[in-house]
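Each residue of the sequence shown is one higher than the one before, counting from 14 in our numbering.
Backbone N, C-alpha and C define an ideal beta-carbon position, used for all residues, glycine too.
Keep in mind it's a predicted model, so treat the numbers as computed, not measured.
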Amino acid sequence: MPYFLVAYCGPAAVPGSLWLRWNTDPLLLAALAALAFVVASGRSNNARAGWAAIALMAVVFVSPLCALSSALFSARVTHHIILIAAVAPLLALAFPLPRFVHPPLVPVVAAHAVIVWFWHAPGPYAWGLSTVPAYWLMQLTLLGSAWLMWRSIFSPSVPTGAALMALVATIGHMGLLGALIVFAPVPLYVAHFATTAAWGLTPLADQQLAGLLMWVLAMIPYLVAGLRLAWSGLHVREPAL
């Protein structure tokens, strides 16, 4: 099978050298440092959320997970789950930008769903890893659309019921996408055809693991957020004694 070179994060990691594969891209490090300066200077609404978002971005873009995601589709899906289900809501808490108009929730949720499905279709996925601009287009559209969705979900102006429905819809479409990936009869993601064997996986087994992660693991942050929203809604409605 042909070797597919991933343009960003470098060659696929192998077990013996994984922990040596840190990404030291100066532009990336400068961007994270700039964001850290913004948080440290008190310009975020929630400093703890801001620092947590920066730490998770370092995990997905700087740590060896970056190189591992060049080798395994399951690692790439883990990367994407962290980005849209953990980094994005934390950034929405840290930088809600309340002065900017909130787009209607339904189009925002639908647009995010389209972007998630688009980048996990085999063709766009391979293209997104083939050049550095395409890679960052993938990352920024996933993160940006997720941030817009979480920003609306957390907004006090959005009714709790509507926010909960947005979370349920997101769990539903991501679960469906994960199931389709799990039950695909053949491996679809050419970028990893030649790199899974070093990790003791066939391309199909790696793909099935990725689908399970999206189907099961990815729903946890949305469920937690939904429970917190529901609890907050009930608490607000408690009569004063």
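Cβ separation of residue i and residue j, assumed to be a contact under 8 Å, to the nearest whole Å
i    : j    : result
Y202 : A20  : No, Y202 and A20 are not in contact; Cβ-Cβ is about 15 Å, not under 8 Å.
W228 : A192 : 6 Å
V121 : L161 : 5 Å
P109 : F167 : 7 Å
L155 : V129 : 7 Å
A204 : L142 : 5 Å
L153 : A80  : Contact doesn't hold; Cβ gap of about 20 Å is too wide.
L190 : H133 : 6 Å
V52  : A65  : At roughly 10 Å, the Cβ-Cβ gap does not stay under 8 Å, so V52 and A65 are not in contact.
P77  : A26  : 6 Å
Three-state secondary structure assigned by DSSP to residue i
i    : result
R241 : helix
S143 : coil
P120 : helix
L21  : It is worth fixing the name first, because residue 21 is Tyr in this sequence and not Leu. Coil, per DSSP.
V27  : coil
W132 : helix
A49  : helix
L110 : coil
G55  : coil
L33  : helix
H125 : helix
H93  : helix
Beta-carbon proximity check, residue i vs residue j, cutoff 9 Å
i    : j    : result
N36  : L106 : no
A98  : A159 : yes
V12  : L48  : The structure shown has nothing for residue 12, since the chain only spans 14 to 254.
T91  : S83  : no
G174 : M232 : no
D219 : S54  : no
I94  : L230 : yes
Residue i at chain C interface by Cβ criterion, 9 Å
i    : result
V127 : In the structure shown, chain C cannot be found, because there is only a single protein chain.
Segments of 4+ residues assigned as alpha helix (DSSP H) that fall wholly inside the stretch 58-91: Listed in chain order, the complete alpha helix (DSSP H) runs (minimum 4 residues) inside the stretch 58-91 are 60-74, 78-84.
Secondary structure, alpha helix (DSSP H): runs of 4+ residues fully inside the stretch 149-231: For the stretch 149-231, whole alpha helix (DSSP H) runs of length 4 or above, ordered along the chain, are 173-196, 216-225.
The stretch 100-114 / the stretch 208-227 touching (three or more Cβ pairs under 8 Å): no
Sufficient close CB pairs (3 or more, under 8 Å) joining the stretch 230-245 to the stretch 206-221: no
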